[in-house]
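Chemist: Per the working numbering, the very first residue in the sequence shown carries number 35; after that it's consecutive.
By construction, the Cβ of each residue, glycine as well, lies at the ideal position given by its N, Cα and C atoms.
First, the structure itself, so that you have it in front of you.
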Amino acid sequence: MSRPARSWLQWPATGGVWVVLLLALALEFPYFERTRNANERPRLMQAMAWVDADEWAIDGVAARGLDAGPDTARSGVDGRLYPNKPPGTTIVAAAGYRVARALHGDALDLRTLTFWARVFAGVLPTLALAWLLWRRHAPVFGFGPAMAAVLTWALATPAIAYGHLLYGHALAACALHAGILAIAWAREREDPRRWPWLLLGGALAGASIGVEYMAAFAGIPIGAVLLLAIVRAEPWQRRTRLLEAAAALGGAVVPVAMLATYHQRVFGSPWSTGYLHATVADFAAAHGQGLMGLTAPSWTSTHAQFFAVDAGLLWWAPAVVLGGWGLLMAGRDPARRFEAQLHIGIIVVFVWMNASLAFDGGWRVGPRYFALALPSFVLGWAECYAQLRRSPPWITIAVALVTYGIVVDGLAANLWPHIDVDNVDAPVPELLLPLLEGGLRPWLAFGRASTHDPLIGLLALSVVTFALVFARVIEPGIRTWSSMLAGIVLGLAMVGAHGWLPRHPRGARNLAYVESVWEPKGATARSVALPELQRPARPRTH
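Take a look at the structure:
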């Protein structure tokens, strides 16, 4: 049943919540130069090459002689080295490089560059999407349910970990879901101003493919729901619905064509991705199976991505169960049906995709390739939270699941967001808690060291902030407040229960490796200053 809209303007200022979210994303800076992060290093090198030498290749003078690691591709056009990922993250990282170079000049080092690149491609996209989601849902559900739903996604899922990194997942999620929000918002309007928003929505969703190739699969549910709207429309509405779908598709064509142009210039064909030219044989073999490494769904992949203790979604974000239930409820409301069906479709497609992976997914927190679908649960969480306000048992369950997620995802995001599932079975007791108890402190923002680790205080602040927001959801009273407190205690107990889980035989060796590369611990960052850059004499051709 549709509930009356309540303006977000009637609620008190929410600046404190956004400050907490900013601190959760950017206060601590887990950086370990000796790991030679395979996802980040090639993109950083390409960003510098693009800005300094006006080229995309990463084996020229602008690369500073850095080791790019294994996630690279060898072009069949010019024989040069490139990242095997699409260039969208590079373009945003280049903005971070420009800022870092302007601030630090010849004193710029790789650590500081990485911080600024992560801010532009991880922190800011996560904050921007959180704000857009809140602005979308607060007028319908009110401040409490909408903000609690946003915080659940941003703090209690692996989104917090990828918001700390230059992996592209946060940026792709922002582009994809900003596009979806623009399309959904425009369809609700009946004035001419909606057409530019439909074009923009399609363009943003299409741009996500230029950041993460896997985002292309989101086009299936988006197209299906737009087509379904045409079929279900009254005869007098069908032309309008058809034009809406055409506008969204037209917007998406532009960034996809730009990506195809990059492929043509670098790899010789619009359809030739970096995966097809990978320099590491094992990587090429894994991603060469089926369609971009996707085969038929299997129980092995399903278990690894959703149920396994080391990286399964239900261990890193159990609150998705509530979000899924909420989406089903939202789909029964005619006013929310289009958006709910769209998000359900995205979740289903990404569940299928992850269940079909022919490879493991590398170092990660939770299922990496499901990160793009996590914002789809926000509508479901808002719907769920709005309905459980008078139910003490469900209040306890919801708060427990979110508290648990805030702690485990916060530990991983701030300490070691590179879980090696080949050497760890239970990351919390084998790796994260020992690092915390051992007093190892990561870098702080801007690459600064500190003798005091604020992580425990930061996690406590995150839990308290969620609880204060959630208090705006529930019916005031002793029973509901005590249920919320019980949920916090239960969530912390769930974290403690990890101590009973079996360990990996190589877990101790993995912990020793992490401790051996830990920073800051007498670390000296590599300089990336390039005052005597010699630009290529030939004109730019790629």
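#1: Scan the segment 163 to 246 and note each continuous alpha helix (DSSP H) run of 4 residues or more that stays entirely inside, going in chain order.
#2: Going by Cα to Cα distance, which pick from Arg-513, Gly-481, Ala-479, Leu-465 is closest to Arg-543?
#3: Does the Cβ-Cβ distance between Gly-285 and Gly-365 come in under 8 Å?
#4: Measuring straight from C-alpha to C-alpha, what distance separates Gly-240 and Lys-555?
#5: What do you reckon, are the CB atoms on Trp-415 and Gly-357 nearer than 8 Å?
#6: By a C-beta neighbour count over all protein chains shown, 10 Å radius and 16 as the cutoff for buried, is Leu-55 buried or exposed?
#7: Pick out whichever of Ala-250, Glu-74, Met-292, Gln-421 has its Cα sitting closest to the Cα of Ala-407.
#8: Measure the alpha-carbon distance for Met-82 versus Arg-223 and round it to whole angstroms.
#9: Measure the alpha-carbon distance for Val-458 versus Glu-89 and round it to whole angstroms.
#10: Kindly give me the distance between the Cβ atoms of Ala-351 and Thr-191, rounded to whole angstroms, as I take these residues to be in contact under 8 Å.
#11: In whole angstroms, what separates the C-alpha of Met-181 from that of Val-503?
#12: Expressed to the nearest angstrom, what Euclidean distance is found between the alpha-carbon atoms of Leu-347 and Gly-139?
#13: Check the C-beta distance from Val-551 over to Thr-69 and give it rounded, since I have them as a contact under 8 Å.
#14: Could you check what DSSP says for Pro-104 in three-state terms: helix, strand or coil?
#15: Cutting at 6 Å between CB atoms, please list the residues of its own chain near Tyr-196, excluding the five before and the five after it.
#16: Could you name the residues of the same chain whose beta carbon sits closer than 7 Å to that of Arg-506, not counting the 5 residues immediately before and after it, in chain order?
#17: Would you mind reading off the limits of the beta strand (DSSP E) that contains Tyr-65?
#18: For Leu-147, collect the residues of the same chain with a Cβ closer than 7 Å to its Cβ; drop the 5 residues on either side in sequence, then sort them by chain order.
#19: For Pro-104 and Ala-72, what's the separation of their Cα atoms in angstroms?
#20: If you check the beta carbons only, do Thr-106 and Leu-100 fall under 8 Å apart?
#21: On the DSSP bridge assignment, give the partners of Arg-152 in chain order.
#22: Could you give the distance in angstroms between the alpha-carbon of Ala-209 and the alpha-carbon of Ser-335?
#23: Report all residues from its chain with a CB closer than 7 Å to the CB of Arg-228; omit the five preceding and five following residues, and keep chain order.
#24: What separation, rounded to the nearest whole angstrom, lies between the Cα atoms of Ala-447 and Phe-175?
#25: Can you tell me whether Gly-472 is buried or exposed? The criterion is at least 16 other CB atoms within 10 Å of its CB, across all chains shown.
#26: Nearest to Arg-424 by alpha carbon, out of Thr-313, Ile-264, Trp-515, Trp-270?
#27: Quick one, which of Leu-445, Gly-400, Leu-545, Phe-317 has its alpha-carbon nearest Gln-339's?
#28: Run the CB neighbour count on Asp-225, radius 10 Å, all protein chains shown included, and call it buried at 16 or more, exposed below.
#29: Is it buried or exposed for Val-290, if we count other Cβ within 10 angstroms and need 16 for buried?
#30: Who are the near neighbours of Leu-493 in its chain, counting only those whose CB is closer than 8 Å to its CB and skipping five residues on each side?
#31: So for Asp-143, helix, strand or coil by DSSP?
#32: So is Gly-360 buried or exposed if we call it buried at 16+ other beta carbons inside 10 Å?
#33: Give the straight-line distance between the Cα atoms of Leu-467 and Asp-454, rounded to the nearest whole angstrom.
#34: Based on the DSSP output, what are the partners of Tyr-116 in its beta bridges?
#35: Looking at the structure shown, is Ile-92 part of a helix, part of a strand, or coil, going by DSSP?
Modeler: To lay it out plainly:
#1: Taken in chain order, the whole alpha helix (DSSP H) runs of length 4 or more contained in the segment 163 to 246 are 177 to 189, 193 to 196, 203 to 221, 228 to 241.
#2: Measuring from the Cα of Arg-543, the nearest candidate turns out to be Leu-465.
#3: Not in contact: Gly-285 and Gly-365 (Cβ atoms no closer than 8 Å).
#4: Straight-line measurement puts the Cα of Lys-555 at about 42 Å from the Cα of Gly-240.
#5: With contacts defined by Cβ atoms closer than 8 Å, Trp-415 and Gly-357 form a contacting pair.
#6: With 16 or more other Cβ atoms within 10 Å, it is buried.
#7: Nearest option by C-alpha distance: Ala-250.
#8: Straight-line measurement puts the Cα of Arg-223 at about 43 Å from the Cα of Met-82.
#9: Cα to Cα, the separation comes out at about 40 Å.
#10: Cβ-Cβ separation between Ala-351 and Thr-191: approximately 4 Å, consistent with a contact (criterion under 8 Å).
#11: Rounded to the nearest angstrom, the gap between the Cα atoms of Met-181 and Val-503 is 7 Å.
#12: Their Cα atoms are separated by approximately 42 Å.
#13: The pair is a contact, with the Cβ atoms about 6 Å apart (cut-off 8 Å).
#14: In the structure shown, Pro-104 falls within a coil segment according to DSSP collapsed to helix, strand and coil.
#15: Beyond the five residues adjoining it in sequence on each side, Tyr-196 comes within less than 6 Å, by CB distance, of His-203, Ala-204, Ala-405 in the same chain, given in chain order.
#16: Within the same chain, and ignoring the five residues on either side of Arg-506 in sequence, the residues whose Cβ sits closer than 7 Å to its Cβ are Phe-177, Gly-178.
#17: Where Tyr-65 is concerned, there is no enclosing beta strand (DSSP E), given that its DSSP letter is neither H nor E.
#18: Here the set comprises Leu-78, Tyr-131, Ala-134, Val-562.
#19: Spanning the two alpha carbons is a distance of roughly 6 Å.
#20: Result no, Cβ atoms of Thr-106 and Leu-100 do not sit closer than 8 Å.
#21: Note: Arg-152 sits in no beta bridge, so no partner.
#22: Ser-335 has its alpha-carbon roughly 27 Å from the corresponding atom of Ala-209.
#23: Spatial neighbours of Arg-228 in its own chain (CB-CB distance under 7 Å, excluding positions within 5 residues in sequence) are listed in chain order as Ala-220.
#24: Approximately 30 Å between the Cα atoms of the pair.
#25: Residue burial is scored here from C-beta neighbours: Gly-472 has fewer than 16 other C-beta atoms within 10 angstroms and is therefore classed as exposed.
#26: Among Thr-313, Ile-264, Trp-515, Trp-270, the Cα nearest to that of Arg-424 belongs to Trp-515.
#27: Of Leu-445, Gly-400, Leu-545, Phe-317, the residue nearest in Cα terms is Gly-400.
#28: Asp-225 comes out exposed.
#29: A residue is called buried once 16 or more other Cβ atoms fall within 10 Å of its Cβ, and Val-290 is buried on that count.
#30: Once the five neighbours on either side are set aside, the close Cβ partners of Leu-493 are Ile-440, Val-441, Gly-444, Leu-445.
#31: When secondary structure is reduced to three states using DSSP, Asp-143 falls in the strand class.
#32: The residue is buried, with at least 16 neighbouring Cβ atoms inside 10 Å.
#33: Taken atom to atom, the span from the alpha-carbon of Leu-467 to that of Asp-454 is near 16 Å.
#34: Answer by DSSP bridge pairing, in chain order: Ala-107.
#35: It is coil, neither helix nor strand.
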